[in-house]
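J.: Heads up, the sequence shown is in full-length UniProt numbering, so the first residue is 1 and it goes up one at a time.
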Amino acid sequence: GAFLDDAMVVSCGHSFGGLMLRKVIDTSRCTICSAEIETGSLVPNLALRAAAVAIKQEDDRRLFHNAALRKRRKEMGDQMDPMRRSNRENGDATTTDDGLNRGVQYPFSVNEKVLIKGNRRTPEKFVGKEAVITSQCLNGWYLLNIIGSGENVRLQYRSLRKILNSQTIEDSCPSHQVQNSSS
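(1) So the candidates are His65, Phe64 and Val9; which of them puts its Cα closest to the Cα of Gly40?
(2) To the nearest angstrom, how far is it from the Cα of Gly18 to the Cα of Arg70?
(3) At the level of alpha carbons, what is the spacing between Leu155 and Val132?
(4) Give a yes or no on whether the minimum CB-CB distance between Gln136 and chain D is below 8 Å.
(5) Using 7 Å as the cut-off, classify the Cβ of Phe16 as near or not near the heavy atoms of the ligand HEM, replying yes or no.
(6) Among Phe126, Leu46, Ser11 and Leu63, which one has its Cα closest to the Cα of Glu38?
(7) Please state the DSSP three-state secondary structure of Phe126.
(8) Excluding the 5 residues preceding and the 5 following Glu130 in the sequence, name in chain order all residues of the same chain whose CB lies nearer than 7 Å to its CB.
(9) Is it true that the CB of Lys125 sits closer than 8 Å to the CB of Ser159?
(10) Ignore the nearest five residues each way along the sequence and tell me which others in Met152's own chain have a CB closer than 8 Å to its CB.
(11) Quick one: give me the first and last residue of the alpha helix (DSSP H) that Arg154 is part of.
(12) How many whole angstroms separate the CB atoms of Ala7 and Ala35, which I take to be in contact at a CB cut-off of 8 Å?
(13) Report yes if the CB atom of Gly140 is closer than 8 Å to the CB atom of Tyr106, and no otherwise.
(14) Just the C-alpha distance for Glu75 and Val24, rounded to the nearest angstrom, thanks.
(15) Looking only at DSSP bridge pairs, what is Asn45 linked to?
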């Protein structure tokens, strides 16, 4: 039988199903405790059968759900490409310039210079400041040393942006340059 659909309790109290049940019947011995088994004394293990059915239903549901998710992701993939490209330009890339994969949560390395772009929870005094990553923490968090003030702050990768070696704060904000040059 399939996955414990035919589960039976043998005379010693152990339960078997499928190929192991067949082996126990053929050898007339329990494969666990080696007790002699009378094939006429087999009793259906209804609890184990019910558990097997429940597990099979859950597996089927997950399989269907995962297949539906894969299909949805595939359909959404084409729409997400431009968004991924803009994220890469802002330092949220999953790969570095040298092509090594650092993973989604760790796009930056220790001693790398970054710009704090911030989010709702980032203290306003840190937004727009340059910092150096001093250590990599769990779940995409980094310990940063603020250049100039020397303060230390812990922020997640989403609030950081790479600074290229030739960039400064003014270079990384082109919108400010346009406003300044027009006045």
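All residues carry an ideal CB built from backbone N, CA and C; glycine is no exception.
T.: According to the structure shown:
(1) Val9
(2) If you take the alpha carbons of Gly18 and Arg70, they lie about 33 Å apart.
(3) The alpha-carbon of Leu155 is positioned some 12 Å away from that of Val132.
(4) Included in the structure is just one protein chain, with no chain D present.
(5) The model on display carries no ligand, and the ligand HEM is accordingly not part of it.
(6) Of Phe126, Leu46, Ser11 and Leu63, the residue nearest in Cα terms is Ser11.
(7) In the structure shown, the three-state DSSP call for Phe126 is helix.
(8) Closer than 7 Å at Cβ, skipping near neighbours: Lys113, Leu115, Ile147, Ile163 and Ile169.
(9) Contact flag unset, no.
(10) It is worth fixing the name first, because residue 152 is Asn in this sequence and not Met. Correct list, in chain order: Thr134, Leu143, Leu144, Asn145 and Ile146.
(11) Where Arg154 is concerned, there is no enclosing alpha helix (DSSP H), although the beta strand (DSSP E) it sits in stretches over Asn152 to Gln156.
(12) Contact doesn't hold; Cβ gap of about 18 Å is too wide.
(13) yes
(14) 50 Å
(15) Answer is none; Asn45 lacks a bridge partner.
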